[in-house]
Structure formats: structure tokens, C-alpha cells
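In the numbering used here, the protein residues as written are 278 to 777.
Heads up, the beta-carbon is just placed ideally off N, CA and C, and yes, glycines get one too.
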Ligand code: FRU
């Protein structure tokens, strides 16, 4: 048995022995994807293959902290219910076996019926950390063999830097194309390659690079076309509050350059990173991000209370990417999510005035729920509309004022900002994030998904999205709505409990 098989066997035994204990933990999510044990980060190798959706992910089975990276694996028929599969890749070769590295992020393609994974091997050499691009293949979609001739891209081009990782591969015409993240002289960039066989790669050009505002290194780039538009997405390091960005326009495959027409944030929350996309059988472009952030982010305090329970990391809800020709992309929760809705609570159009105080909202158990709010902006005079989420009820005996927890969703109608404030969510993690909704809208739609330790907000026709993790207590399940300075016309309010 080779080292790859040995390491996978050991890891899979460890997972089987420990996943029952992990499943009992208090902060486990109810309907977001998580690894069965240990640490997870980026989604990898997203593909529909052999009649199922396959999801791989950056995985350290042995600890709730990041470590030598394995690839975890799960499959699904509906993007909501996932079945864990044995881990797919483990560090095992000179080019990917290092405790500070391993099998880093990458993607998957269908290679004449085989499932091919293209990933970054990270090792430590005399010259320092070395990142190269590698290939692994599987006939059955479960057991992978690393290509004997690895690495398939052994060095970065002169225009790029040592950080050289996260290949995303796709087919265009008769060729395979690959985009890889890098950075040089303080500017992040996406490198474009092409190949006839996934093995021999030719560098084409820098597909796009930072104009000085988008960080020093671009992690996890992805490229796709949607509704006639070419889109490059990536997660820039060192770009302030921007952690998952898109540049959209046209692409010239001959010159290998993207002509940018507009850009935006995929998600402007505090916990959304490294999204990857794939095309499904229905032609949908589906994007999945890791719902967390790294230590180098300006607002980082810690990875959250889950880490103390021996696991860490989940994925945000899969989103369908759409373009409506108005200079914005939409990121819409896949429609399969609607099948998870249970008890509905509905209010027809109503007025909310300052005199009403805080109106109580019923949304399942207040912890695992979906809320949809439609505001009629034309008939709203309030300066702000505030929804309090995951709130400690007033009558909770033990709570003094400082022990009370609450997460605020604030719609500021003067500045057109929607903000999510977790400053009082759990007494530990701080941070507020905001995004601006488009001008001259008659209505503002806001859709919120709550799970054990997360809040995901989709607003302004899915153009303004925010994912944030919070570690509120189980008692914190009250939800209220109120206005500041004036009244609000609420066109509709619907809530559902959510369960798999
Ligand atoms: C992004 C990232 C990738 C890398 C992986 C390592 O979150 O830093 O660039 O491949 O995580 O786990």
C-alpha cells in the first residue's frame, strides 16, 4: 500500500471513530454543509459527475485547527442533503507532503468519463515554500490516483510570485483552460493557462490583475460565463473589507485578457471566502463559498466557539449566479432550499410605526429559520428599520443587561446601507459589515437564513449579500422588528422553520 492509501485509510478510520461525537456538539449547523469531524475551509472540485453533485473541501480531519491539507469529499442529489464519502486526497508525495501545506485548493473536470482533480501541491524546499499544480484521477469517483508525472505545472511565470495556487479548470472549445492565483510587487493577479490534455500546460497571459485596490494576492480564482458575460471571481488578500470579489466583462481567449466592465462583491459579510462555481445539468452556474475568514482579515478575532468543540468550518448556502444586464450580479440561494421550509408564518401588508415598539416575529424556533421581508420604500418615512435577531428574551432570569445578546440587521434608508452588526451577538466576536442597496428602488427585499451559528442575508434582489457567524446561546431566539424616526410600510413578511 502506498503512502496515499495508508494516510487515507488512517484518516477514514479516525473520521468513522469520531464523527458521532462531533455530531452531538452544540454549535453544529442544521442545514449548512460541515465536515464530519475536524477543520474545513475552501470548497474544492465542485462538479456534477456520475449523476450526483460532488463537493470536495480543504480538510484537516485530526484537529479543529488548520493543518496539513487533505481533500474531504461529499455527494448530494439536491445540494442540501450531503452524504460524506471517504477522504479523497492526502499529502503523500514530495511535492505535496508538508505539515504546513499539503493538498491545497483546486477544481474538478470530467476527463473522458474519469473524474480529474487539479490541485496545488505545497511543499517546503531549500528555497522555501513551493507551490505547484498537480493532477489526480479516478474511475469510480471515490478512489483517486495522483498522476505519476506530477507536477503538471512546476513553476510560476516571471510575471508572478511564489504564491501560486488554487487552479480552476474549465473547457472552452477544443482546449482546457486553467486560472491560478498569484501576486507580485503587492498586486494580486489571475494567471491563465491552456492545455490539450490537462498534463502539458502553456501560460497564456495574466487574465487580470489588481489596479492597486484589490490586494496583493488573489486566492481561489474562478472563471465562467453567465448569461453572456465573462466573470472572474477571487478572494483577494489585503483588500480591506473585500474578501470575495467579481470582475465582469468580456474575455479574449487569444490574448488571454479580461476586459472589465464592472465589478462587485459576491458577499460583503465577515465570513465568506474562497467561493468556487460549477455548471449543473440544468445550465445553472452554482457558487459555493466557505463561511469563515482568516486571521489576516482586519476584523478577525477567532474562528469561533465551534473550534473549542473540536470542529470548525461550514459552507454557505449554494447560490445560483445570474446576470440581468444592469451592472450587477445576483447570487440567489438555489431553489432546492425552498424544500427545506416547514411551518410558515405570514403577515400581509402592515404599517410599522415608532409607537408600535418592537414587533415580535415568529420564525420557527428563532434559530433555524428563514425570514423574507419586503419593504415598500415609497411609503416608508422611517430613517431606519431594525430587525433584532438571536436576541436573549427579556424574561430570561439569569440575564443582566450585559449578559444579553442580540444581532442587529439595520436598514438605513438615508444612506441606503444594509448592515449586520454582531458586536453584541456573543460577547466575543466583534464586527459590523454593510453594503449599499441600489438607488431609486420602489421596494427592498431582504431574505435571511439563520442556522445554529450563522446569519446569511440576501438583499436588493440578491445583489447585496452578507454572511456572518455568531455564537449566540440557545436561549437567544427572539426576533423583533422596529423603526426609528417614522413609519415603515411592510409589504409582506414571511417566515419558515427550516429542517433537512
Ligand atoms: C484560501 C486558501 C487557499 C489555499 C487553501 C489552503 O482559503 O488559503 O489559497 O489553497 O486555503 O487550505
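Inter-segment contact for the region 626-636 and the region 606-614 is absent: fewer than three beta-carbon pairs are separated by less than 8 angstroms. At a cut-off of 8 angstroms, the beta-carbon of residue 580 does not count as near the ligand FRU: no heavy atom of the ligand is closer than that. Taking all protein chains in view, the Cβ of residue 621 is surrounded by fewer than 16 other Cβ atoms within 10 Å, so the residue is classified as exposed. At the C-beta level, residue 744 and residue 734 come within 9 angstroms of one another. Contact check for residue 589 against residue 423 fails: the beta carbons are separated by 9 angstroms or more.
Rounded to whole angstroms, residue 511 and residue 522 show a C-alpha spacing of 6 angstroms. Nearest to residue 465 by C-alpha distance, out of 498, 301, 448, 415, is 498.
For residue 586, the CB contacts under 7 angstroms within the same chain, skipping 5 residues up- and downstream, are 302, 303, 304 in chain order.
Residue 694 sits away from residue 664, with the two beta carbons spaced by 9 angstroms or more. Pairwise C-beta distances place the region 318-325 in contact with the region 370-386, as three or more of them are shorter than 8 angstroms.
Distances between the C-beta of residue 550 and the heavy atoms of the ligand FRU include at least one below 8 angstroms. Counting along the chain, the unbroken beta strand (DSSP E) around residue 765 starts and ends at 765-775. Counting along the chain, no alpha helix (DSSP H) covers residue 351; the unbroken beta strand (DSSP E) around it starts and ends at 347-353. Remark: the C-beta of residue 397 is in contact range of the ligand FRU, defined as less than 8 angstroms to any heavy atom. Minimum Cα-Cα distance from residue 728 among the listed residues 560, 444, 777 corresponds to 777.
The beta strand (DSSP E) runs lying completely inside the region 297-361 and spanning 3 residues or more are 315-326, 329-337, 347-353, given in chain order.
The residue from 758, 440, 365 with its alpha-carbon nearest to that of residue 392 is 365. Only buried fits residue 461, as 16 or more other CB atoms lie within 10 angstroms of its CB. For residue 406, the uninterrupted beta strand (DSSP E) run begins and ends at 405-415, by DSSP. Rounded to the nearest angstrom, the Cβ distance from residue 426 to residue 399 is 18 angstroms, too far for a contact under 8 angstroms. Exposure of residue 298 is indicated by the presence of fewer than 16 other C-beta atoms within 10 angstroms of its C-beta. Within the DSSP secondary-structure output, residue 710 pairs in a beta bridge with 697. Secondary-structure assignment with DSSP links residue 599 through a beta bridge to 607. Residues of the same chain with a CB within less than 7 angstroms of the CB of residue 438, apart from the 5 flanking positions on each side, are 459, 460, 461 in chain order. If you check the C-beta of residue 333 against the ligand FRU, you find no heavy atom less than 8 angstroms away.
In the DSSP annotation of this structure, the continuous segment of the beta strand (DSSP E) that includes residue 555 starts and ends at 550-556. In this structure, DSSP gives residue 286 a helical state, which the three-state scheme calls helix. Using a C-beta cut-off of 8 angstroms, the region 483-498 makes contact with the region 443-453, since at least three inter-stretch Cβ pairs fall below that distance.
A direct Cα-Cα distance of roughly 8 angstroms separates residue 373 from residue 397.
Counted as a single uninterrupted DSSP element, the beta strand (DSSP E) harbouring residue 760 occupies residues 755-761. The Cβ atoms of residue 309 and residue 591 lie closer than 9 angstroms to each other. Non-local C-beta neighbours of residue 506 in its own chain, meaning closer than 6 angstroms and more than five positions away in sequence, comprise 525, 600, ordered along the chain. DSSP, reduced to helix, strand and coil, places residue 655 within a helical segment of the structure shown.
Pairing residue 708 with residue 529, the inter-Cα distance amounts to about 40 angstroms. The Cβ atoms of residue 731 and residue 548 lie closer than 9 angstroms to each other. In this structure, residue 650 places its C-beta atom within 9 angstroms of the C-beta atom of residue 724.
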